[in-house]
Amino acid sequence: YSKDRGRNTYNFYTHQMNHDMNRRLRVEEQLRSALKRKELEVYFQPFVDIRSRKIIGAEALLRWNSDLLGQVTPDEFIPIAEQTGLIVSIGQFVIENAFTAAKKWQLEFNPHFKIAINVSPKQFRENTFVDMLKIQLDIHQINATSVELEITEGVLLSGDPIIDSNLSWINDIGVSISMDDFGTGYSSLSYLRSYPFNTLKVDKSFIHDITVDPGDLELVGAAIAMGHGLNLTVVAEGVETEEQYHLLNALKCDYGQGYLFSKPLPRAAFEELLKTQAKNKRPNKKPLLRR
Ligand code: C2E
Ligand code: MG
Ligand code: MG
Ligand code: MG
């Protein structure tokens, strides 16, 4: 009996592993030509000032609509892009597109519009990364202070010395560094002490239950207070409801991001959002004009 069961379990695993392996190979194969085939697109999700609910910037989020595989999520293809090194060219594509859009929005809507870009470990370890970033800032005439690079603990884990030098170069040119998914790693606290972060993004898994779980509410409050104590801007990720929003406002969280404000949008749709916000400003000014 146990022998049979053992064999079935074995069959199950090999079957599942084969399936996963095939999928991975197919994704990798398609990803290799995705840029050339123009299947990748940068979407933008706004982050808002919690008090005014005004959009002050956007996070660039990559989308892949593959001819062969359909929509593939970043959680599936980003790790494969990392492992294959494709992330280096894909990452540059994201920066180029994000800077192009951000420049236009800075000129048309808000000179201080912020653009946040996710950078993965392999990308960050490239010794050409900082040079590429400087060149792109220059080409697009983007002010370094309006750019924020989002990194996770994974970037810092390797202990590679190039990471330290890249971080200090980035810091020197005035680009901000944000700790993404704060609270989900093992050593977020010690990294906060050792590296020059400007922003803390509290992971959406902590925000999700703040209205029902007093423990989560306590943790988010503590993260915000600690961030402020360290002079960091605190962003709440994954804000989905008005109730969550009101709690975050009461806790003096600086910025918010989530479906309550908007899901990630293609560039043109995001621009419509900015237009709507600009139009809605006018009614406030009317009483003054009437005098
Ligand atoms: P992230 O940087 O933590 O991005 C936030 C994720 O939360 C995004 O998932 C976003 O769509 C999602 N999100 C936003 N608001 C809400 C909400 O209210 N509720 C919920 N449940 N989710 C929300 P997405 O776009 O699928 O990206 C997943 C991850 O893939 C990102 O997590 C980031 O780590 C990575 N990623 C995405 N684009 C890029 C990129 O251009 N470069 C690199 N290196 N990584 C990227
Ligand atoms: Mg992010
Ligand atoms: Mg995040
Ligand atoms: Mg994440």
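Residue numbers (UniProt numbering): 854 to 1144.
Cβ coordinates follow ideal geometry from the N, Cα and C atoms, glycine included.
CB of residue i within 9 Å of CB of residue j, strictly
| i | j | result |
| --- | --- | --- |
| T1052 | S1029 | yes |
| A969 | E1003 | yes |
| L1126 | I908 | yes |
| K1105 | I903 | yes |
| P974 | V1008 | yes |
| K1057 | S1031 | no |
| L939 | W917 | no |
| Q1110 | V901 | yes |
| N1019 | F982 | yes |
| E1093 | H1061 | yes |
| V1087 | I1077 | yes |
| I1063 | L1100 | yes |
| F1059 | F897 | no |
| V895 | A954 | yes |
Status (buried if at least 16 other CB within 10 Å, exposed otherwise) for residue i
| i | result |
| --- | --- |
| Q994 | exposed |
| S855 | No answer about S855 holds up, because its pLDDT of 49 lies below 50 and its placement is not dependable. |
| T1129 | exposed |
| S1043 | exposed |
| G1080 | buried |
| P1117 | buried |
| A1121 | exposed |
| P899 | buried |
| V1073 | buried |
| R1144 | Confidence at R1144 is low in this model, with a pLDDT of 46, below 50, so the placement of that residue should be treated as unreliable; the coordinate-derived value is given next. When all chains shown are included, R1144 counts as exposed. |
| L921 | exposed |
| K1132 | exposed |
| D928 | exposed |
| G1068 | exposed |
| Y1039 | exposed |
| E1090 | buried |
| E1001 | buried |
| I943 | buried |
| T867 | exposed |
| D1033 | buried |
| D1107 | buried |
Best match in the options for proximity to residue i [C-alpha to C-alpha]
| i | options | result |
| --- | --- | --- |
| residue 1145 | L1042, Q959, D1033 and G1080 | Outside the modelled stretch of the chain, which goes from 854 to 1144, sits residue 1145, for which no answer is possible. |
| Q936 | H872, T1086, E882 and M1032 | E882 |
| R876 | V895, F930 and Y1098 | F930 |
| N1084 | T1064, L1045 and P1117 | L1045 |
| V925 | Q898, R1120, T953 and R879 | R879 |
| V947 | P1067, V1088, G1036 and E892 | E892 |
| E912 | Q945, E1095 and N971 | N971 |
| W1022 | G1036, T1086, T1037 and A997 | A997 |
| S999 | R906, P1067 and G1027 | G1027 |
| K889 | S919, S1011, L986 and I933 | S919 |
| E979 | T1086, I1015 and A1075 | I1015 |
| L990 | Q945, D1013, S1011 and L1010 | Q945 |
| P1119 | L914, S886, H872 and T1037 | L914 |
| K987 | K967, P964, E949 and F966 | E949 |
| S1047 | D1034, T1037 and D1017 | D1017 |
| G923 | A887, S905, M985 and E961 | A887 |
| D1013 | F1035, Q976, D984 and G1036 | Q976 |
| S1115 | N1102, R906 and Q869 | R906 |
Contact with chain B by residue i, beta-carbon distance below 9 Å
| i | result |
| --- | --- |
| K889 | No chain B appears in the structure shown, which is made up of a single protein chain. |
Discussion item. For a minimum of 3 consecutive residues, which ranges assigned as the beta strand (DSSP E) are wholly contained in the stretch 918-965?
Written reply: 923-925
Item to complete: List in chain order the residues whose CB is within less than 6 Å of at least one heavy atom of ligand 2.
Response: E912, N971, E1003 and D1033
Worksheet entry | alpha helix (DSSP H) runs wholly inside the stretch 1060-1114, at least 4 long, in chain order | 1067-1082 and 1095-1103
Worksheet item: Quick one: complete alpha helix (DSSP H) runs, 4+ long, within the stretch 975-1015?
Response: 982-993 and 1006-1010
Fill in: Ordered list of alpha helix (DSSP H) runs contained in the stretch 891-917, each at least 4 residues
none
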